Every structure is written in C-alpha cells, then in structure tokens.
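Chemist: These protein sequence lines map, in sequence, to chains A and B.
FYI, in numbering that gives the first Met the number 0 the residues of the first sequence are 0 to 282.
FYI, in numbering that gives the first Met the number 0 the residues of the second sequence are 0 to 307.
Pasting a structure below so you can have a look.
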Amino acid sequence: MFPMAIQKQAPWVGIVYQLMLPVALILWLFPLIGVAVTSVRPESDLAAGNYFGWPSRFAGFENYGAVFTQSPMGQFILNSFKITIPTVIGAVGLSCLSGFALATYKFKANLWLFFLFVAGNFVPFQILMVPVRQLSLNMNVYDSILGLVLFHTAFQTGFCTLFMRNFIKGLPFALIESARVEGVSEFRIFWHIVLPLMRPAIAALSVLIFTFVWNDYFWATVMVQGQHAMPVTAGLKALNGQYVAAWHLISAASIIAALPPVLMFFLMQRHFIAGLTLGATKG
Amino acid sequence: MSAIAAQPDAPLAASWWKRNQLQLAPWLFLAPGIFAFAVYVMIPIVQSVSLSFYEWDGLTPDAKWVGFGNYTELWTDPDFWTSLRNNVAWLVMYLLAVPAGLAVALFLNQNVTGIRVYKSLFFFPFVISQVVVGLMFRWFYAPNFGLLSGVIKTLTGSNIAILADDRYATYGIIAAGLWPQIAYCMILYLTGLNNINSEQVEAARMDGARGWKLLWNIILPQLAPATFIAVVVTVIGALRSFDLVSIMTKGGPYGSTRVLSYYMYEKALSEYGFRMGYGAAIAVVLFLIMMVFITYFILQMLRQERDA
Numbered sequence: 000m001f002p003m004a005i006q007k008q009a010p011w012v013g014i015v016y017q018l019m020l021p022v023a024l025i026l027w028l029f030p031l032i033g034v035a036v037t038s039v040r041p042e043s044d045l046a047a048g049n050y051f052g053w054p055s056r057f058a059g060f061e062n063y064g065a066v067f068t069q070s071p072m073g074q075f076i077l078n079s080f081k082i083t084i085p086t087v088i089g090a091v092g093l094s095c096l097s098g099f100a101l102a103t104y105k106f107k108a109n110l111w112l113f114f115l116f117v118a119g120n121f122v123p124f125q126i127l128m129v130p131v132r133q134l135s136l137n138m139n140v141y142d143s144i145l146g147l148v149l150f151h152t153a154f155q156t157g158f159c160t161l162f163m164r165n166f167i168k169g170l171p172f173a174l175i176e177s178a179r180v181e182g183v184s185e186f187r188i189f190w191h192i193v194l195p196l197m198r199p200a201i202a203a204l205s206v207l208i209f210t211f212v213w214n215d216y217f218w219a220t221v222m223v224q225g226q227h228a229m230p231v232t233a234g235l236k237a238l239n240g241q242y243v244a245a246w247h248l249i250s251a252a253s254i255i256a257a258l259p260p261v262l263m264f265f266l267m268q269r270h271f272i273a274g275l276t277l278g279a280t281k282g
Numbered sequence: 000m001s002a003i004a005a006q007p008d009a010p011l012a013a014s015w016w017k018r019n020q021l022q023l024a025p026w027l028f029l030a031p032g033i034f035a036f037a038v039y040v041m042i043p044i045v046q047s048v049s050l051s052f053y054e055w056d057g058l059t060p061d062a063k064w065v066g067f068g069n070y071t072e073l074w075t076d077p078d079f080w081t082s083l084r085n086n087v088a089w090l091v092m093y094l095l096a097v098p099a100g101l102a103v104a105l106f107l108n109q110n111v112t113g114i115r116v117y118k119s120l121f122f123f124p125f126v127i128s129q130v131v132v133g134l135m136f137r138w139f140y141a142p143n144f145g146l147l148s149g150v151i152k153t154l155t156g157s158n159i160a161i162l163a164d165d166r167y168a169t170y171g172i173i174a175a176g177l178w179p180q181i182a183y184c185m186i187l188y189l190t191g192l193n194n195i196n197s198e199q200v201e202a203a204r205m206d207g208a209r210g211w212k213l214l215w216n217i218i219l220p221q222l223a224p225a226t227f228i229a230v231v232v233t234v235i236g237a238l239r240s241f242d243l244v245s246i247m248t249k250g251g252p253y254g255s256t257r258v259l260s261y262y263m264y265e266k267a268l269s270e271y272g273f274r275m276g277y278g279a280a281i282a283v284v285l286f287l288i289m290m291v292f293i294t295y296f297i298l299q300m301l302r303q304e305r306d307a
C-alpha cells in the first residue's frame, strides 16, 4: 500500500490525519456548501448583505417551492428525464451489439472500425454542429426531444462501443468457442451466453451515460429553442438570465438540477467508477 | 470454422447461412451502430469540412464557394488568435489536474473508518453539471460579496472582479474547470492505487526506498495506465471547454475569454450572425488540433492491443 498505512505510523500521525480529513473535505466542497446554504437562505438575508453568515432562518421550503411554482423547473426536469432515459437504452443497446461484434470476430476491418468509434467519440462537438442541426431540421426533429435523443444515442454509441468491446474482450473466449463447436448460432451465443455476462458493463454504462446526457448543455442550446423541449441545464441558464441577483432561487434550482446525477452516483457508485476508468484498469 | 466441420449433414437450405455465418454475423451486429454513428458523426465531419469552403448564412438555399477564403480571413482575425491562445492556456493549465488528482488520491488512499464516504464526496464535483459548476464559481467570484473577492480584498486591499477583468477572467474560468477535472483524475488514480502490486512495494521498502523515490520508481510506473487515461480525458476536456465559458462570461469581457469552441458557436449560431461557413472553418481548425492528440492516443492504444 502506498502511501504507508496510517496504522503502521506513529499514533499522532493517525490523529492528525483524522482531523485533516473533514477540514480538507469542507475546503474542497466549499463552493457546493455555499450554494447549498444559500438555497435555504431567506431573501431578506441577501438584501441585508448576509451572504456567507448563518441564514437568519430556514427558508428552504419557500425557496424550493418558489422554483417549482414560479418557473418551469418541473417541466425542465421532466424533459431531462425524457431525453436521458431513451438515450441510455438506445446507446447501451446499440453498443452491446457492436461491442460484441468487435470483441469476438476476427475480420480485416475490425480494429479500423474500433478506432473509428474511439476517434469519433473524441471529436469536438463544433465540427458536428452545423450539419447535425441541418439534418435535424430536414428530418423535422429540430427543437424537439426526439431530435436530442437521436443525436445523443448515435454519439454516445462511440464511447459505449469502446467500453463494451473492452469488457467482452475480458470474458473467457473459450465459452464462445465451445458453443460454436456445439453448433449454437451466433445470435444465440450473443443472447444466451454473452449478454447475461455483460450485466455489470451495462449497469456501468447506464449510470455514466445518464450523467453525461443529463449534464449536456451544448447540444441543448444548439438543438432546442422552446421551453417545451428544454432540458434542465439549458433551463437553468435561462432562469439565471431571468432571476438576476436572486441567488437564493438560482441556488435552489442548481441543487435541484444537480440532484439526479448525484443520487445516481451514490446508488451505483461501484459501477460508475468502473465505467470512468474506460474498463482499462480493472477495479 | 470448426462449427461448419462439426455439422457435415446440415440440411442444404440452411447450409449457405451456416457456411457464411461467421463472416456475416459481425456485420449484422455492427450495422445499427455503424449506421447511427455514420449519420450523426462521420458524415457531419465530412460535411463540415466541405462547408468550410463556402460562405453560407444557413437560410438561403445556395451557398457560395469561396475556396480558402474563410481560412485566409481567420489568419487575419484577431479574435481567432485570442481564442486559440486561450485554448493553449486551457490545455496547459488543465493538465495540472493530473498531478493534483494524484496528490488528492494519495491523500485519500488510507484505510480508516468512513474513508469510502470521503472518497465519494471528494468525487462530487465531477458528477455535477458544468452549468451548475459555472454558476457556483460565478457566485464565488462575484465582486463585492463573493467569498473569493473578500479574501483577495483582505490580502491585497484592492477589489478585483475576476470575471470582469480581461487579465484574470480566463484563468478564473479554468480554475472552475479544474475543480471537477481534479476529481476525475483522483478517481482514476484511486482505482490504480487499489491495484498496485503490494509485494513489490514492500520489497522496495525493505531495500530502503522511501517517499518520493518510492513514488517515482515503483508506484508511478504501475500507475501508467491510469495516467494515460487521465491525460487523454484532460486534454480532450480542455479543448472541448464550452459550457463554463458560456455560463460564466459568454466570452467576455471584450471577447477575452473566448475559446475556439465558443467562438465557432458565436459566429455560426448566435445573435452575432449566421456565418455557417466561417464557423465551420473554425471548427475544422479545432478538429485538426484535436486530431493530433486523438491520433497519438490511438497509436498508444494500438501498441497496447499488439502487446496484449
């Protein structure tokens, strides 16, 4: 273990370490804590210049209530779910198929196709912006939830394929070989042998893609104009222009927007981290 | 191949499929993914490159061929050079997230009660949308009441509005971006540290290796895969930066915080005009810069594939 385990060092080191942990955490999360406290601060505090002191009273219910009743935040959250969930299903589904193909078959274009997916996943969004917007206009899905879902699904397929392919490569190939010898069809091998083993990878990708798509802001600004299809990130930006200096409301809205991916992360932590390491380091 | 040999008496009707199954199956599995990726990623790249040779407002049906006109205009456009310079600043400063992430990971790599909760709380900034991060830091930096300006005022006596001052604004945004990026690198290194060969570490300790020497000679080489991914995601993240610029300054003051990704958006799709061709040319420049890194990463991956 590196660095040396605290337990093997002098007792005072352990005590200092235990004291440093919470201090470091508070410093590290300071912006977040500040926003969380502001979100329960009454408006009168801000007017009186009490930005960083203890809130004079707890105003959480009225602030969070105001965000939902006086702004379309509820609609934005709903839109975000409507965009995110179909994308997760679509991209993970497509990449199960393509990842399986790239991991189990030897053919000339294999590595070449794999690297095409990898490279596509890393390109700047701006090189896609004008043509994708134009394509969506032509397909009549511009300024709609469907338009965002189709794009995100296709784009995230690159990353998902990279991940799935590496995951399936790590499975015992003998399993597939022996099924082939038995004369099991390729589709049945995929469905009955490989897919059940892919559950951890599917879970990891699902949480990760959920977070990526939920947090997308660029495509939301490029592909959506009206509130009816606006996800929470673009909605938050719009609210920010509307509530100038109403920091207590902006803070409450920010916390609401951040909550779903944070909960997702806490519930599925192990899977999430496995996904982030791109399946390269097994943990 | 053995599947075919194992079934010599398969009925004739099925035999064509049986014989060619291993050649056809990968393409059937790949077809939907390739189709989606081609329509939304590969073809648009080609279209953008071709569009960069035209002048087009996005509305009229006819685009006007201008050859390299957009590129020669970029060459003399001071805003383009400001954006490019800022991209370099982003890239260099963002890479600090890699050693910083390692430092945090080393700090947290202990077995004490509650450490798991600490690790996940330290990772928080990465899970939050950059829009929220941008809003948080704007508030943090706000003149008069922002906490950071308060600290600066007590230290230096002068009031500095970081995001309104073209000397500091870009660095203020980069600092906000570093926060989640350090968290990302930290988690990569924590996973790497978890998989370290402890026998080797103990053996090195027996030989008297301590501290920096141990870290440099024994630990870091074992962390190489984590470092590789950390560098990849950090470089890509730095060059993709858009959200924070858009939320925190909108490229201002006086365009001093623009980066190529934001400048492209501004030229092609904002109230400043609909110059699709010029925007596409900016995007192509950014794309070529990123291709240098992407090619390098892929060559590295190719080498790992060959070794495996």
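Just so you know, even glycine gets a beta-carbon here, dropped at the ideal spot from N, CA and C.
Computed from a predicted model, the values in this text were never measured in an experiment.
Alpha carbons only, please: which of A/Leu196, A/Pro260, A/Thr152, A/His247 is nearest the one belonging to A/Ala65?
Modeler: Of the candidates A/Leu196, A/Pro260, A/Thr152, A/His247, the one whose C-alpha sits nearest the C-alpha of A/Ala65 is A/His247.
Chemist: Quick one: is the Cβ of A/Tyr50 within less than 7 Å of any heavy atom of the ligand HEM?
Modeler: Ligands in the displayed structure: none, and consequently the ligand HEM is not present.
Chemist: A/Pro230 to A/Leu31, Cα distance in whole Å?
Modeler: When rounded, the distance between both Cα atoms is 22 Å.
Chemist: So the candidates are A/Phe124, A/Val148, A/Gln125, A/Pro123; which of them puts its Cα closest to the Cα of A/Ser135?
Modeler: The option with the nearest alpha carbon to A/Ser135 is A/Val148.
Chemist: Taking Cβ-Cβ distances shorter than 7 Å, what residues in chain A pair up with B/Asn86?
Modeler: None at all; the shortest Cβ gap to chain A is about 10 Å.
Chemist: Output, in chain order, the set of chain A residues within a Cβ distance shorter than 9 Å of B/Gln199.
Modeler: The contacting residues do not exist; B/Gln199 stays about 10 Å from chain A at best.
Chemist: Quick check on B/Glu54: does DSSP put it in helix, strand or coil?
Modeler: It is a strand residue.
Chemist: If you draw a straight line from the alpha carbon of B/Trp89 to that of B/Leu177, how long is it in whole angstroms?
Modeler: Cα to Cα, B/Trp89 sits roughly 10 Å from B/Leu177.
Chemist: Quick check on DSSP: helix, strand or coil for B/Gly251?
Modeler: In the structure shown, B/Gly251 sits in coil (DSSP, three-state: anything other than H, G, I, E or B).
Chemist: With respect to the alpha helix (DSSP H) encompassing B/Glu72, which residues constitute its N-terminal and C-terminal limits?
Modeler: 68 to 74 is the extent of the alpha helix (DSSP H) around B/Glu72.
Chemist: Near B/Ala104, what residues of its chain come up, given a Cβ to Cβ distance below 7 Å and the 5 sequence neighbours on each side ignored?
Modeler: The answer, listed in chain order, is Met185, Tyr188, Leu189, Leu192.
Chemist: Less than 8 Å separating the beta-carbons of A/Leu204 and A/Thr160?
Modeler: No, the pair does not count as a contact, with Cβ atoms beyond the cut-off.
Chemist: Kindly confirm or deny that the stretch 209 to 220 of chain A and the stretch 112 to 123 of chain A touch, where touching means at least three C-beta pairs closer than 8 Å.
Modeler: Not touching, per the Cβ criterion.
Chemist: In chain B, what lies closer than 8 Å to A/Ala153 by C-beta?
Modeler: In chain order: Ala35, Phe36, Val38, Tyr39, Val40.
Chemist: Could you pull out every residue in the same chain whose Cβ sits closer than 6 Å to the Cβ of A/Ile272, ignoring the five residues on either side in sequence?
Modeler: So no residue of the chain qualifies.
Chemist: Going along chain A, which residues have a C-beta under 7 Å from B/Asp242?
Modeler: In chain order: Tyr216, Phe217.
Chemist: Taking DSSP as the reference, what is the three-state secondary structure of A/Trp53?
Modeler: Of the three classes helix, strand and coil, the one that applies to A/Trp53 here is coil, per DSSP.
Chemist: Run through DSSP, which three-state label would A/Lys107 get?
Modeler: Of the three classes helix, strand and coil, the one that applies to A/Lys107 here is coil, per DSSP.
Chemist: May I have the straight-line CA-CA distance separating B/Arg302 from A/Lys168, to the nearest angstrom?
Modeler: Taking the straight line joining both Cα atoms gives about 16 Å.
Chemist: Could you tell me the distance, in whole angstroms, from the CA atom of A/Glu61 to the CA atom of B/Arg137?
Modeler: The alpha-carbon atoms of A/Glu61 and B/Arg137 are separated by roughly 24 Å.
Chemist: Assess contact between the stretch 272 to 292 of chain B and the stretch 105 to 117 of chain B, defined as three or more Cβ pairs (one per stretch) separated by less than 8 Å. Is contact present?
Modeler: The stretch 272 to 292 of chain B, when compared against the stretch 105 to 117 of chain B, does not touch it at the 8 Å Cβ threshold.
Chemist: Would you mind reading off the limits of the alpha helix (DSSP H) that contains B/Val111?
Modeler: Note, B/Val111: premise wrong, no alpha helix (DSSP H); not H, not E.
Chemist: Taking a cut of 7 Å between CB atoms, which residues from the stretch 154 to 181 of chain A lie near chain B?
Modeler: The stretch 154 to 181 of chain A vs chain B, Cβ under 7 Å: Phe154, Thr156, Gly157, Thr160, Arg179, Val180.
Chemist: Closer than 9 Å by beta-carbon distance: list the chain B residues that pair up with A/Val221, in chain order.
Modeler: Per Cβ cutoff of 9 Å: Tyr264, Leu268.
Chemist: May I have the straight-line CA-CA distance separating A/Pro199 from A/Met263, to the nearest angstrom?
Modeler: About 15 Å.
Chemist: Give the interface partners of A/Asn239 over in chain B, defined as CB-CB distance under 7 Å, in chain order.
Modeler: Within 7 Å Cβ-Cβ: Leu134.
Chemist: If you follow the alpha helix (DSSP H) that B/Gln299 is part of, which residue opens it and which one closes it?
Modeler: Segment 275 to 306, the alpha helix (DSSP H) holding B/Gln299.
Chemist: Output the boundary residues of the alpha helix (DSSP H) element that contains A/Pro199.
Modeler: Where A/Pro199 is concerned, the enclosing alpha helix (DSSP H) stretches over 198 to 213.
Chemist: Just the C-alpha distance for B/Pro142 and B/Ile159, rounded to the nearest angstrom, thanks.
Modeler: Distance between the alpha carbons of B/Pro142 and B/Ile159 is about 7 Å.
Chemist: Can you pull the chain B neighbours of A/Tyr242, defined as C-beta to C-beta under 9 Å?
Modeler: Near A/Tyr242 there are no residues of chain B at all, since even the closest Cβ is about 11 Å away, more than 9 Å.
Chemist: Quick test of your reading: A/Ala90 and B/Phe36, contact by CB under 8 Å. State the CB separation rounded to the nearest angstrom.
Modeler: Incorrect: roughly 11 Å between the Cβ atoms, too far for contact.
Chemist: With 8 Å as the threshold, decide whether the Cβ of B/Ala282 is near any Cβ in chain A.
Modeler: Interface residue, yes.
Chemist: Are the C-beta atoms of A/Leu204 and some chain B residue less than 8 Å apart?
Modeler: For A/Leu204, the answer is no, since every Cβ of chain B falls outside 8 Å of its Cβ.
Chemist: If you measure from the beta carbon of A/Lys236 to each beta carbon in chain B, is any gap under 8 Å?
Modeler: So yes, A/Lys236 belongs to the interface.
Chemist: My output table needs one value for B/Gly272: the three-state DSSP class, helix, strand or coil.
Modeler: If DSSP states are grouped into helix, strand and coil, B/Gly272 belongs with the strands.
Chemist: Out of A/Leu235, A/Val223, A/His151, A/Tyr104, point me to the one whose CA is closest to A/Ile76's CA.
Modeler: Checked all of A/Leu235, A/Val223, A/His151, A/Tyr104; the closest Cα to A/Ile76 is A/Leu235.
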